[in-house]
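The structure appears below as structure tokens.
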Amino acid sequence: MQLHQHSITETISKRYFQEIDSINQYNGIEDFFNIESKLLFEVFHLESAKAKKSLHEMIDILSIRFGRQVIKIVRSYFIVLSSIVARKLLDNQVPSRKAFAFNLACADMIENKMKDAEFLQFADDLIDFYVHFIADRKQPTFRHQTVNKVIMYINDELENDLTVESIAQKFHISTSHLSRIFREHVGITLVEYLNVRRVEESQYYLRHTNKSITSISEQFHFCNQSYFTRIFKKYTGVTPKHFRDELHHEFYRFEIPEAELEKV
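Counting from 96, one number per residue, gives the positions in the sequence shown under our numbering.
This is the structure:
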């Protein structure tokens, strides 16, 4: 066993020094980790467009070094990047079970769903998923703490059959009071917000799973597929089928008005 371990160590060491000798001929390699740091900053500040640009720059660097093998290397790097994001999620107080599930889900999608011909589109979708996951778990900062708690509760329980009545009961307030304070601070009704969040979440199941549209509709407790299609199109501009079939469509995300946020 010790001889085997020694042999592996020697092999890795030789490969390392070979790489050191050859890597100097490639321009831009030294920028890779600086761009990665910038990418992580952009992801955790929900700057998806900038993060996508940074990831494409990193893919360009990998292309310089690995040429025709770049897709294989990019696939491996996406898995590494997802692990890095998962560990930063832990640093941001995301429960370990959710960070672990996030890591495994990303790795599974990269291994089994990433098509070679669409690896750049997959890179953009991966960034969208990172930002989506992080945004959903950032503590909202509305002036009313009950509203903040309701939003976090909805994020955690979205696939349950939530209603205004059940949420009001959970927080021991009347439905009328809950509806009033929610609209006052968020700018839309609680019913609208529930639909918005269900649409946002359903996009990822449409794009990244083989579940039927009917099944996804039921999963998020729309009364029927027709209603799901109508609400989905209201916010995204396209039907669920069109969104699934046409990969160029951006993911819809509800923007909270800046004026409503607590001033820091």
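The C-beta atom is built at its ideal place from N, Cα and C for all residues, glycine as well. Everything numeric in this text was worked out from a predicted model, so none of it was measured.
{"Asked": "Reference residue 228; option with closest CA among 298, 145 and 121", "Found": "298"}
{"Asked": "Cα-Cα separation, residue 355 to residue 329", "Found": "The predicted position of residue 355 is uncertain, since its pLDDT is 47 and thus under 50; a value taken from the coordinates is nonetheless stated next. About 24 Å."}
{"Asked": "Beta-carbon contacts of residue 137 that lie in its chain and below 7 Å, excluding the five residues immediately before and after", "Found": "145, 146 and 149"}
{"Asked": "Beta carbon of residue 295 nearer than 8 Å to that of residue 349", "Found": "yes"}
{"Asked": "For residue 240 and residue 130, the rounded distance between their alpha carbons", "Found": "37 Å"}
{"Asked": "Segment limits, alpha helix (DSSP H) that includes residue 129", "Found": "127 to 139"}
{"Asked": "Burial state of residue 286, where buried means 16 or more other Cβ atoms lie within 10 Å", "Found": "exposed"}
{"Asked": "Helix, strand or coil at residue 300 according to DSSP, with G and I counted as helix", "Found": "helix"}
{"Asked": "Burial state of residue 357, where buried means 16 or more other Cβ atoms lie within 10 Å", "Found": "A caution first: residue 357 carries a pLDDT of 45, below 50, which makes its placement in the model unreliable, though a value can still be read off. By the 10 Å Cβ count, residue 357 comes out exposed."}
{"Asked": "Residue 224, buried or exposed, once every other Cβ within 10 Å from all chains shown has been counted against 16", "Found": "buried"}
{"Asked": "Chain-order list of residues whose beta-carbon lies under 6 Å from that of residue 180 (same chain, five-residue window excluded)", "Found": "225"}
{"Asked": "Whole runs of the alpha helix (DSSP H) within the region 258 to 330, excluding any shorter than 4 residues", "Found": "259 to 265, 270 to 281, 285 to 303 and 308 to 314"}
{"Asked": "Distance, residue 170 Cα to residue 206 Cα", "Found": "7 Å"}
{"Asked": "Where residue 225 falls: helix, strand or coil (DSSP)", "Found": "helix"}
{"Asked": "Pair within 8 Å by beta-carbon distance, residue 134 and residue 213", "Found": "no"}
{"Asked": "Counted within 10 angstroms of its Cβ, other Cβ atoms place residue 273 as buried (16 or more) or exposed", "Found": "buried"}
{"Asked": "Exposure label - residue 218; buried when at least 16 CB within 10 Å", "Found": "buried"}
{"Asked": "Beta-carbon spacing of residue 183, residue 128 below 8 Å", "Found": "no"}
{"Asked": "Rounded C-alpha distance that separates residue 283 from residue 163", "Found": "50 Å"}
{"Asked": "Distance, residue 276 Cα to residue 359 Cα", "Found": "With a pLDDT of 35 at residue 359, under the threshold of 50, the predicted position of this residue should be treated as unreliable, though the coordinate-derived value follows. Approximately 21 Å, taken between the alpha carbons."}
{"Asked": "Simplified DSSP state of residue 243, which is helix, strand or coil", "Found": "helix"}
{"Asked": "Collapsed DSSP secondary structure at residue 343 in the structure displayed", "Found": "coil"}
{"Asked": "is_contact[residue 219, chain C] using C-beta, thresh 8 Å", "Found": "Among the protein chains of the structure shown there is no chain C, as only one such chain exists."}
{"Asked": "Burial state of residue 266, where buried means 16 or more other Cβ atoms lie within 10 Å", "Found": "exposed"}
{"Asked": "Run of the alpha helix (DSSP H) containing residue 210, from where it starts to where it stops", "Found": "Careful: residue 210 lies outside any alpha helix (DSSP H) and carries neither H nor E."}
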